[in-house]
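Student: Heads up: the sequence shown at position 293 corresponds to 293 in UniProt numbering, and the numbers run straight through without jumps.
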Amino acid sequence: MADERFLYENISQRLRNQILGGSYHVGEKLPSMRRLSQVFGVSINTIMLCFRQLESDELIDIRPRSGVFVTNHSLPKICPSNVAHFPLLPVEVSLSEDIFHYMEPHIEEHLVRLGIALPAREIMPIEHVLRTMRGVTRRQPLDAWDYMHPHGYTKFTSQLAKRSLNYPVPIAQEDLIVTNGCMEAIELALRTVTQRGDTVAVETPSYYGTLLALEVMQRKALEIPTDYRNGICLDALEQVFKRQQVSACLVSCNAQNPLGFTMSEDRKQKLVKLATRYNIPLIENDIWGDTVYAGDCLPAKAYDEAGMVIYCNSFSKSLMPGIRLGWVAPGRFHHRLRELKQISSITTASTPQLLMARLMESGFYAQHVQQLRQKLAVQTQETVATVLKAFPEGTRIEPPTGGCVLWVGLPDQIDSRLLFDQALAKGIHIFPGSVFSAGPRHFDYLRLNAGAPLDDKLRSAITQLGDMAKRI
């Protein structure tokens with residue numbers, strides 16, 4: 001599997017280093033594909049993929065019947081140097097069996113749950129939320145019993161709209177559509193702006209749920225290099241926009257899962273401008289936005305003057321996954337998305353909307369979010385230190401800016417799928433990195449949940465994981 005992942009990436013990187021290092025000068029002709037295939041012991045098709053990547057990076061010029069020549073590469077690098085390079089090509093997504101295999105054990109109560117990304121129950125205000133739910137159903141029994149209007153409960157959507165008052169471009173209440181969680185919002189967005197067989201630009205690594213949605217809906221994924229500090233590579237994204245390779249782009253700008261980065265406000269603005277300039281719908285998954293530790297972090301939607309951003313969110317990660325309450329702000333795509341919502345699920349459950357309207361009106365939700373951010377920041381910091389102490393030397397973790405997941409890079413190309421099997425046998429659930437890409441990437445990473453306060457049981461589980469990793 002290591003060869004599968006690193007074959008063309010390693011060759012591309014070696015050629016790139018030689019060009020940027022001066023081994024090949026501007027205008028100089030590179031060895032032929034046949035010669036390079038012999039040098040590296042790979043197929044001509046593999047070398048062609050490498051050339052296409054270097055061409056997309058504007059480092060070489062492929063001239064039919066003449067050869068491949070080095071271009072003027074004095075311009076800034078297309079992406080940060082620590083981002084892996086690979087061809088910007090659409091691929092079919094085929095992950096469903098792997099994802100279900102890795103997800104299913106989570107329901108077993110006896111497991112130490114380090115796999116699913118979710119804040120632990122013990123840091124959430126369960127009693128207050130359930131008490132409030134009982135109260136609103138007593139005071140508004142008929143509203144709770146009946147269908148809610150397809151547009152949503154007015155008091156709830158009013159509170160959602162008020163959250164955007166500090167945006168440069170606020171979200172109007174009439175633009176909001178209430179959904180059954182964030183995934184329904186994303187699904188509706190994809191159905192609105194893409195068709196079967198279309199290609200969607202995504203980050204890599206990317207949340208496996210969005211990749212699964214693409215597979216089920218028969219859309220292709222075009223993975224864009226994504227950096228753990230700056231987010232999706234805007235230069236690479238502009239290339240695929242310019243070439244009209246994609247029908248939409250699906251991103252997370254705040255506390256992205258699994259990398260944990262938050263894009264700068266400047267890069268968010270540039271992202272929206274790119275989507276607007278090339279008329280490519282931008283689907284924004286902001287489900288972790290409320291957990292950014294620094295707080296009050298704006299989404300890309302805040303800069304959406306042209307209505308090109310379809311904003312998707314929910315309360316599943318920040319408060320209560322069981323209420324399955326989300327929303328979408330579709331911008332210029334509102335009419336079509338509303339039609340799809342009505343023929344899909346007609347409306348969204350009434351009681352969750354009554355509940356959240358009350359929690360937001362009272363100021364409780366805002367107070368809770370502030371406390372949650374502080375707790376998650378402490379927990380992730382402590383978990384990072386514990387993992388680095390227990391795991392093999394060379395293990396890499398970039399502390400997240402929000403949320404509660406850690407993207408753990410394993411040294412020596414350790415396969416996290418093997419670690420999953422061994423950990424599960426010991427009662428520990430983790431998530432291998434391979435399902436966060438539609439291609440053969442990230443097998444030597446795993447995602448760990450840091451949503452629970454560290455106790456002796458968790459420390460012991462992490463120590464066991466580290467010992468297993470050292471023996472693989």
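All C-beta atoms in this analysis are idealised placements derived from N, C-alpha and C, irrespective of residue type, glycine included.
Could you give the first and the last residue of the continuous alpha helix (DSSP H) run that contains K273?
Tutor: What you label residue 273 is simply residue 273 of the sequence shown in a count that begins at 1. E265 to R277 is the extent of the alpha helix (DSSP H) around K273.
Student: Restricting to Cα atoms, I'd like to know which of I99, E55 and S32 is closest to S434.
Tutor: Taking the sequence shown and counting its residues from 1, the one referred to as residue 434 is at position 434. Nearest of I99, E55 and S32 to S434, Cα basis: I99.
Student: So is Q379 buried or exposed if we call it buried at 16+ other beta carbons inside 10 Å?
Tutor: Residue mapping note: residue 379 aligns to position 379 of the sequence shown, counting from 1. The residue in question, Q379, is buried, as its Cβ has 16 or more Cβ neighbours within 10 Å.
Student: Can you tell me whether G394 is buried or exposed? The criterion is at least 16 other CB atoms within 10 Å of its CB, across all chains shown.
Tutor: Taking the sequence shown and counting its residues from 1, the one referred to as residue 394 is at position 394. Exposed.
Student: To which residues of the same chain is P90 closer than 6 Å at the C-beta, ignoring the five residues directly before and after it?
Tutor: Residue 90 sits at position 90 when you count from the first residue of the sequence shown. Around P90: T199, K220 and L222.
Student: Cβ of L419 within 8 Å of Cβ of I472?
Tutor: Sequence index remark: in the sequence shown, residue 419 carries index 419 (1-based). Sequence index remark: in the sequence shown, residue 472 carries index 472 (1-based). In this structure, I472 lies closer than 8 Å to L419 by Cβ.
Student: Skipping 5 residues on each side, what residues in its chain have a beta carbon closer than 7 Å to that of Q159?
Tutor: In the sequence shown, the residue the question calls residue 159 occupies position 159. Counting only Cβ-Cβ distances below 7 Å, and skipping sequence neighbours, we find A357, M360 and E361.
Student: Looking only at DSSP bridge pairs, what is L250 linked to?
Tutor: As a first step, residue 250 is located in the sequence shown; it is residue number 250 there, counting from the start. DSSP lists V202 and I283 as partners of L250.
Student: To the nearest angstrom, how far is the alpha carbon of Y303 from that of D467?
Tutor: Within the sequence shown, the letter at position 303 stands for residue 303. Within the sequence shown, the letter at position 467 stands for residue 467. About 47 Å.
Student: Measuring alpha carbon to alpha carbon, tell me which residue in P440, L354 and V387 is nearest T137.
Tutor: As a working note, residue 137 is residue 137 in the sequence shown. T137 has its Cα closest to that of L354, out of P440, L354 and V387.
Student: Taking DSSP as the reference, what is the three-state secondary structure of N82?
Tutor: The residue given as residue 82 occupies position 82 in the sequence shown. Its pLDDT being 42, under 50, N82 is placed unreliably by the model, and the measurement read from it follows with that caveat. Coil.
Student: Which residues does DSSP list as the beta-bridge partners of N428?
Tutor: As a working mapping, residue 428 is identified with position 428 in the sequence shown. It should be noted that the sequence gives Ile, not Asn, for residue 428. In DSSP, I428 forms a bridge with V112.
Student: Could you pull the start and end residues of the alpha helix (DSSP H) that C182 belongs to?
Tutor: Residue 182 sits at position 182 when you count from the first residue of the sequence shown. C182 -> alpha helix (DSSP H) spans G181 to V193.
Student: Is the CB-CB distance between V408 and L454 below 8 Å?
Tutor: What you label residue 408 is simply residue 408 of the sequence shown in a count that begins at 1. What you label residue 454 is simply residue 454 of the sequence shown in a count that begins at 1. Not a contact, by the Cβ cut-off of 8 Å.
Student: How far does the alpha helix (DSSP H) with residue 521 in it reach, from first residue to last?
Tutor: A question about residue 521 goes unanswered here, because the residues of the chain that appear run from 1 up to 472.
Student: Please report the distance separating the alpha-carbon of T192 from that of K273.
Tutor: Locating residue 192 in the sequence shown gives position 192, where the first residue counts as 1. Locating residue 273 in the sequence shown gives position 273, where the first residue counts as 1. Rounded to the nearest angstrom, the two C-alpha atoms are 21 Å apart.
Student: My guess is that P119 and L372 are in contact by the Cβ rule of under 8 Å, so how many angstroms apart are they, rounded?
Tutor: Within the sequence shown, the letter at position 119 stands for residue 119. Within the sequence shown, the letter at position 372 stands for residue 372. Rounded, the Cβ-Cβ distance is 7 Å, consistent with contact.
Student: When the Cα atoms are used, what is the spatial distance from T351 to P399?
Tutor: Translated into positions along the sequence shown, residue 351 becomes position 351. Translated into positions along the sequence shown, residue 399 becomes position 399. Approximately 37 Å, taken between the alpha carbons.
Student: Determine the direct distance from the alpha carbon of V26 to that of I19, and round the result to whole angstroms.
Tutor: The sequence position of residue 19 within the sequence shown is 19, counting from 1. The sequence position of residue 26 within the sequence shown is 26, counting from 1. Those two C-alpha atoms are separated by around 9 Å.
Student: If we count the other Cβ atoms within 10 Å of its Cβ and call it buried at 16 or more, is I462 buried or exposed?
Tutor: Taking the sequence shown and counting its residues from 1, the one referred to as residue 462 is at position 462. Result: buried.
Student: Given this structure, state the Cα-to-Cα distance separating R441 from L111, to the nearest angstrom.
Tutor: Taking the first residue of the sequence shown as 1, we reach residue 441 at position 441. Taking the first residue of the sequence shown as 1, we reach residue 111 at position 111. R441 and L111: Cα-Cα distance of roughly 27 Å.
Student: Taking just the CA atoms, how far does M148 sit from E97?
Tutor: Within the sequence shown, numbered from 1, the residue matching residue 97 stands at position 97. Within the sequence shown, numbered from 1, the residue matching residue 148 stands at position 148. Taking the straight line joining both Cα atoms gives about 36 Å.
Student: Since V70 and Y24 are thought to touch, with beta carbons under 8 Å apart, how far apart are those beta carbons, to the nearest angstrom?
Tutor: As a working mapping, residue 70 is identified with position 70 in the sequence shown. As a working mapping, residue 24 is identified with position 24 in the sequence shown. Right, their Cβ atoms sit about 5 Å apart.
Student: Is it a yes or a no for the segment 181–191 touching the segment 319–330, going by three-plus beta-carbon pairs under 8 Å?
Tutor: The segment 181–191 vs the segment 319–330: in contact.
Student: Alpha helix (DSSP H) containing K341: first to last residue?
Tutor: Locating residue 341 in the sequence shown gives position 341, counting from the first residue. Per DSSP, K341 belongs to the alpha helix (DSSP H) from H334 to S344.
Student: Using a Cβ-Cβ cutoff of less than 6 Å, which residues in the same chain neighbour V42 once the five nearest sequence positions on both sides are dropped?
Tutor: Counted from its first residue, the sequence shown places residue 42 at position 42. Result list for V42: empty, nothing under 6 Å.
Student: If we ignore side chains and look at the alpha-carbon of each, how far apart do Q140 and L130 end up?
Tutor: Within the sequence shown, residue 140 is the residue found at index 140, counting from 1. Within the sequence shown, residue 130 is the residue found at index 130, counting from 1. In a straight line, the C-alpha of Q140 is about 15 Å away from that of L130.
Student: Measure the C-alpha to C-alpha separation of P310 and L282 and round it to an integer number of angstroms.
Tutor: Residue mapping note: residue 310 aligns to position 310 of the sequence shown, counting from 1. Residue mapping note: residue 282 aligns to position 282 of the sequence shown, counting from 1. The sequence as given places Ile at residue 310; Pro does not occur at that position. Distance between the alpha carbons of I310 and L282 is about 6 Å.
Student: Who are the near neighbours of E215 in its chain, counting only those whose CB is closer than 7 Å to its CB and skipping five residues on each side?
Tutor: As a first step, residue 215 must be located in the sequence shown, where it is residue number 215. Closer than 7 Å at the Cβ level, and outside the excluded window around E215, lie V93, S94, L95 and S96.
Student: Over what stretch of residues does the beta strand (DSSP E) that includes W327 continue unbroken?
Tutor: If you number the sequence shown from 1, residue 327 lands on position 327. It spans G326 to A329 - the beta strand (DSSP E) in which W327 sits, taken as one unbroken run.
Student: Do you know offhand how far S318's Cα is from T291's?
Tutor: Within the sequence shown, numbered from 1, the residue matching residue 318 stands at position 318. Within the sequence shown, numbered from 1, the residue matching residue 291 stands at position 291. Cα-Cα distance, rounded: 7 Å.
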